[in-house]
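A.B. asks: The structure that follows is given in the form of structure tokens.
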Amino acid sequence: MSKPPPKPAKPGQVKVFRALYTFEPRTPDELYFEEGDIIYISDMSDTNWWKGTCKGRTGLIPSNYVAEQAESIDNPLHEAAKRGNLSWLRECLDNRVGVNGLDKAGNTALYWACHGGHKDIVDVLFTQANLELNQQNKLGDTALHAAAWKGYADIVEMLLAKGARTDLKNNEKKLALDMATNATCASLLKKKQSAVWLTPYKMSSCVSKRQRAPKMWKL
Numbered sequence: 008m009s010k011p012p013p014k015p016a017k018p019g020q021v022k023v024f025r026a027l028y029t030f031e032p033r034t035p036d037e038l039y040f041e042e043g044d045i046i047y048i049s050d051m052s053d054t055n056w057w058k059g060t061c062k063g064r065t066g067l068i069p070s071n072y073v074a075e076q077a078e079s080i081d082n083p084l085h086e087a088a089k090r091g092n093l094s095w096l097r098e099c100l101d102n103r104v105g106v107n108g109l110d111k112a113g114n115t116a117l118y119w120a121c122h123g124g125h126k127d128i129v130d131v132l133f134t135q136a137n138l139e140l141n142q143q144n145k146l147g148d149t150a151l152h153a154a155a156w157k158g159y160a161d162i163v164e165m166l167l168a169k170g171a172r173t174d175l176k177n178n179e180k181k182l183a184l185d186m187a188t189n190a191t192c193a194s195l196l197k198k199k200q201s202a203v204w205l206t207p208y209k210m211s212s213c214v215s216k217r218q219r220a221p222k223m224w225k226l
């Protein structure tokens with residue numbers, strides 16, 4: 008029984024496959040790749056020929072070859088982040104794999120990088136202009152929840168410096184602070200929360216003082 012054909016990529020979405028066999032091009036427009044190579048399909052608008060990239064080279068691939076002779080890789084950016092595979096992560100980003108895509112559990116690649124303590128991966132993800140810091144998964148956890156729970160204080164500090172919210176609660180009504188498993192993480196989160204909570208109070212206090220201050224009239 009043959010495999011069902013891959014679903015067409017949405018506009019702007021990249022499909023990723025691993026080649027099961029080597030493909031020998033017959034024309035200069037076709038893309039050569041070897042068994043095990045990662046192929047990034049960026050255009051599936053033609054039913055017969057898809058546009059793909061492999062190892063920095065771009066060309067055409069017969070769509071039926073991809074359907075029958077290649078293995079689809081779901082959420083490649085997540086896999087790279089989860090494994091701490093920096094070169095693969097960079098390759099995914101270079102080939103425009105969406106940085107905020109969600110896996111079946113609603114996790115982002117950033118979540119998995121923080122969960123695994125992969126500081127170098129977090130650094131690279133932070134360079135992406137549209138990175139979503141505060142995405143909550145199906146359990147309500149954010150990347151900050153994950154870093155606090157796993158005890159990665161350096162990553163907690165990075166997330167806070169980038170502007171991650173400390174007031175988001177998961178499905179169990181827990182803040183990242185409630186999930187912290189060591190004193191350093193807890194201290195960083197408490198300090199940030201105190202700064203966030205005190206700022207509105209200080210501002211309202213200043214306004215009240217200005218309102219109470221007597222007006223000075225020039226004679």
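Here the working numbering is used: the first residue of the sequence shown is 8, the next is one more, and so on.
All C-beta atoms in this analysis are idealised placements derived from N, C-alpha and C, irrespective of residue type, glycine included.
(1) Out of curiosity, what's the CA-to-CA distance linking A155 and A193?
(2) Report yes if the C-beta distance between L151 and A171 is below 9 Å; otherwise report no.
(3) Assuming N55 contacts S70 (C-beta within less than 8 Å), just tell me the rounded distance between them.
(4) Report the option in Y72, A160, N102, N177 whose CA atom is closest to the CA atom of N189.
(5) Just how far apart, CA to CA, sit C121 and L184?
(6) What's the gap between the Cα of L196 and the Cα of I162?
(7) Please tell me whether L140 and L166 are closer than 9 Å, where the distance is taken between their beta carbons.
(8) DSSP state of V21, grouped into three classes?
(9) Who are the near neighbours of Q135 in its chain, counting only those whose CB is closer than 8 Å to its CB and skipping five residues on each side?
(10) Below 7 Å CB to CB, which residues in the same chain sit around Q20 once its five sequence neighbours on both sides are set aside?
(11) Over what stretch of residues does the beta strand (DSSP E) that includes I46 continue unbroken?
(12) Can you say whether L146 is buried or exposed, counting buried as having 16 or more other CB atoms within 10 angstroms of its CB?
(13) Relative to the C-alpha of F24, which residue among Q200, G59, E75, S79 is closest?
(14) Would you tell me roughly how many angstroms separate the C-alpha atoms of G59 and T149, rounded to the nearest one?
(15) Buried or exposed for K180, please, with buried defined as at least 16 other CB atoms from any protein chain shown within 10 angstroms of its CB.
(16) Using CA atoms only, rank isn't needed, just tell me which of I48, S49, E164 is closest to G124.
C.D. replies: Put simply:
(1) Counted from its first residue, the sequence shown places residue 155 at position 148. Counted from its first residue, the sequence shown places residue 193 at position 186. If you take the alpha carbons of A155 and A193, they lie about 8 Å apart.
(2) To locate residue 151, count along the sequence shown from 1; it is residue 144. To locate residue 171, count along the sequence shown from 1; it is residue 164. Cβ atoms of L151 and A171: closer than 9 Å.
(3) The count along the sequence shown starts at 1 and reaches residue 55 at position 48. The count along the sequence shown starts at 1 and reaches residue 70 at position 63. Right, their Cβ atoms sit about 6 Å apart.
(4) Translated into the one-based positions of the sequence shown, residue 189 becomes position 182. When only C-alpha atoms are compared, the closest one is A160.
(5) For the purposes of this step, residue 121 is taken as residue 114 along the sequence shown, with counting starting at 1. For the purposes of this step, residue 184 is taken as residue 177 along the sequence shown, with counting starting at 1. Cα-Cα distance, rounded: 15 Å.
(6) For the purposes of this step, residue 196 is identified with residue 189 of the sequence shown, where counting begins at 1. For the purposes of this step, residue 162 is identified with residue 155 of the sequence shown, where counting begins at 1. C-alpha separation (whole angstroms): 12 Å.
(7) As a working note, residue 140 is residue 133 in the sequence shown. As a working note, residue 166 is residue 159 in the sequence shown. Their beta carbons are under 9 Å apart, which means L140 touches L166 by this criterion.
(8) Residue numbering aside, residue 21 sits at position 14 when the sequence shown is read from its first letter. Three-state result, V21: coil.
(9) Locating residue 135 in the sequence shown gives position 128, where the first residue counts as 1. So the list reads L100, V106, once near-sequence residues are dropped.
(10) Mapped onto the sequence shown, residue 20 falls at position 13. Around Q20: G105.
(11) Translated into positions along the sequence shown, residue 46 becomes position 39. Start and end: 45-50.
(12) Position 139 of the sequence shown, counted from the first residue, corresponds to residue 146. Per the 10 Å Cβ criterion, exposed.
(13) Your numbering for residue 24 matches position 17 in the sequence shown. Checking every option, the nearest Cα to that of F24 belongs to S79.
(14) On the sequence shown, residue 59 is found 52 positions in, with the first residue counted as 1. On the sequence shown, residue 149 is found 142 positions in, with the first residue counted as 1. Their backbone Cα atoms lie some 33 Å apart in a straight line.
(15) Reading the sequence shown from its first residue, position 173 is the one you call residue 180. Exposed, by the Cβ-count rule.
(16) Numbered from 1 along the sequence shown, position 117 holds the residue referred to as residue 124. For the residues I48, S49, E164, the minimum Cα distance to G124 belongs to E164.
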